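**Student:** The following block contains the structure, expressed as structure tokens.
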Amino acid sequence: MLSMFLGSPTLLPALLLALALDAGLGDPAWLWQRIPHPVALAGWAIDQLDRALNRDEAPDLHRRIAGVAALSILMAASFGIGLLIHALLNQISWGWLIEAALMATLLAQNSLYRHVEAVARALADGTLAEARDVVRHIVGRDPESLDRPAVARAAIESLAENFADGVLAPLFWGLLFGLPGMMAYKAANTADSMIGHRTQRHEAFGWASARFDDLLNLAPARLSGLLIALASFQSFGDSVRVMLKDAPRHRSPNAGWPEAAMAGALEIALAGPRTYYGGRVGDSHWVNEDGRRELGATDIRNALALYLRACLIEAALVALLWILVR
């Protein structure tokens, strides 16, 4: 199976085109208002599995087993559908162009940039209330407790983490398993975001989804930290130093790597204590504790510039790989 995709002469150009399409077009609203987005379809499937298999009256062990079953069904269906689409398009000489367009829908370069840049605009030109309202779309914590520096930190942390799981991870699994790998990864990642929470309903049922998402992101998260460090140019040493020191202490086994790399590159402090919805307070270590904590719109834009350079390096590496294997 692996050799089928690595041996495909169209895989790397398709991934390069997908990166270009996503960077240039993003998720056009006019299109997704007319047809369902692939991630929305995955979300619908996850919701149906949650309703069918997650019984409130069942003991935790049974709910964990049901969660494993739900994840298995989701992954098999996603990979299988991707494999079928790949096989059908492989019969057409220009089918790889359609496959590239489908791959582009599973990447988040453009949408991530726009969402984070909107926070920078709100901080620079609007009120704190407006900035909080914008940042709530990209973070899981309660924005009402955030001051201006905390809003900026939240936006930069989201940018770093989502570079790993919204951009690099789909590309990573696409390099290994083509479109089926990207579809299966996005399904698992969507499951984690929907049911992988420590709530009364989902702590047991979503356990498998949360752990599996951690596993799928182990390599991409660390690679994303390295790409951010490379994109920081003269701050490469500081970025790597902070990453190696603080990432292992992070509350997440994966998010700390790109966050710490970005904190070191920009000489800022990230993470720290935070309040989630429902009033739950998270006790989190500071990342780059000695870095600057008074952050604002300029720091978000510096982070976005670093993110763009990391995306360019990522694309350049795919292009180099294509040249080497041709």
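Sequential numbering from 983 applies to the sequence shown in the working numbering.
A virtual CB, placed ideally from N, CA and C, is assigned to each residue, including glycine.
The structure displayed is predicted, hence computed values, not measured ones.
Using three-state DSSP, classify I1250 as helix, strand or coil.
**Tutor:** Your numbering for residue 1250 matches position 268 in the sequence shown. In this structure, I1250 counts as strand in the three-state DSSP scheme.
**Student:** Specify whether the stretch 991-1000 and the stretch 1068-1083 touch according to this definition: at least 3 beta carbon pairs, one from each stretch, less than 8 Å apart.
**Tutor:** yes
**Student:** Note down, one range per segment and in chain order, each beta strand (DSSP E) of at least 3 residues found wholly within the stretch 1169-1238.
**Tutor:** You should have found no qualifying run.
**Student:** Hey, out of G1160, W1155 and I1210, whose CA is closest to L1066's CA?
**Tutor:** Counted from its first residue, the sequence shown places residue 1066 at position 84. Among G1160, W1155 and I1210, the Cα nearest to that of L1066 is on G1160.
**Student:** List the whole-angstrom C-beta distance separating A1102 from R1283, where the pair is believed to meet the contact cut-off of C-beta under 8 Å.
**Tutor:** Start at 1 with the first residue of the sequence shown, and residue 1102 comes out as number 120. Start at 1 with the first residue of the sequence shown, and residue 1283 comes out as number 301. With 8 Å as the limit, A1102 and R1283 qualify as a contact, their Cβ atoms being about 5 Å apart.
**Student:** Quick one: give me the first and last residue of the alpha helix (DSSP H) that H1068 is part of.
**Tutor:** Here residue 1068 refers to the residue found at position 86 of the sequence shown. Start and end: D1042 to L1071.
**Student:** Tell me, to the nearest whole angstrom, how far the beta carbon of L1150 is from that of L1094; I am working on the premise that it is less than 8 Å.
**Tutor:** Taking the first residue of the sequence shown as 1, we reach residue 1150 at position 168. Taking the first residue of the sequence shown as 1, we reach residue 1094 at position 112. 11 Å between Cβ atoms; not a contact.
**Student:** Using the Cα positions of A1201 and G1188, report the straight-line distance between them to the nearest angstrom.
**Tutor:** Along the sequence shown, read from residue 1 onward, the residue named residue 1201 stands at position 219. Along the sequence shown, read from residue 1 onward, the residue named residue 1188 stands at position 206. Cα to Cα, A1201 sits roughly 22 Å from G1188.
**Student:** To the nearest angstrom, how far is it from the Cα of A1242 to the Cα of V1307?
**Tutor:** Indexing the sequence shown from 1 puts residue 1242 at position 260. Indexing the sequence shown from 1 puts residue 1307 at position 325. Taking the straight line from one Cα to the other gives about 33 Å.
**Student:** Taking the alpha-carbon positions, what's the D1228 to W1268 distance?
**Tutor:** Residue 1228 sits at position 246 when you count from the first residue of the sequence shown. Residue 1268 sits at position 286 when you count from the first residue of the sequence shown. Roughly 8 Å between the two C-alpha positions.
**Student:** What number of angstroms, rounded off, separates the C-alpha of N1144 from the C-alpha of G1254?
**Tutor:** Position 162 of the sequence shown, counted from the start, is the residue given in the question as residue 1144. Position 272 of the sequence shown, counted from the start, is the residue given in the question as residue 1254. So the two alpha carbons sit approximately 18 Å from each other.
**Student:** Measure the Cβ-Cβ separation of G1156 and G1163 and say whether it is below 9 Å.
**Tutor:** For the purposes of this step, residue 1156 is identified with residue 174 of the sequence shown, where counting begins at 1. For the purposes of this step, residue 1163 is identified with residue 181 of the sequence shown, where counting begins at 1. For G1156 and G1163, yes; Cβs fall inside 9 Å.
**Student:** If you drop the 5 nearest sequence neighbours on each side, which residues of the same chain put their C-beta closer than 6 Å to that of G1207?
**Tutor:** Residue 1207 sits at position 225 when you count from the first residue of the sequence shown. Here the set comprises M1225, W1239, P1240 and A1243.
**Student:** State buried or exposed for W1026, treating a residue as buried only when at least 16 other CB atoms are found within 10 Å of its CB.
**Tutor:** Your numbering for residue 1026 matches position 44 in the sequence shown. Exposed: under 16 other Cβ atoms inside 10 Å.
**Student:** Can you tell me which of the three DSSP states W1268 falls into?
**Tutor:** As a first step, residue 1268 must be located in the sequence shown, where it is residue number 286. Per DSSP, reduced to three states, the secondary structure at W1268 is strand.
**Student:** Taking only three categories from DSSP, how would you classify R1135?
**Tutor:** Within the sequence shown, residue 1135 is the residue found at index 153, counting from 1. R1135 falls in the helix class under three-state DSSP.
**Student:** Measure the C-alpha to C-alpha separation of R1291 and W1014 and round it to an integer number of angstroms.
**Tutor:** Locating residue 1291 in the sequence shown gives position 309, counting from the first residue. Locating residue 1014 in the sequence shown gives position 32, counting from the first residue. Their Cα atoms are separated by approximately 28 Å.
**Student:** Runs of 4 residues minimum, wholly inside the stretch 1092-1148: which ones carry the alpha helix (DSSP H) assignment?
**Tutor:** The qualifying runs are 1110-1117 and 1130-1144.
**Student:** Could you tell me which of L1007, L1089 and E1039 sits nearest to P1020, measuring between CA atoms?
**Tutor:** On the sequence shown, residue 1020 is found 38 positions in, with the first residue counted as 1. The shortest Cα separation from P1020 among L1007, L1089 and E1039 belongs to L1089.
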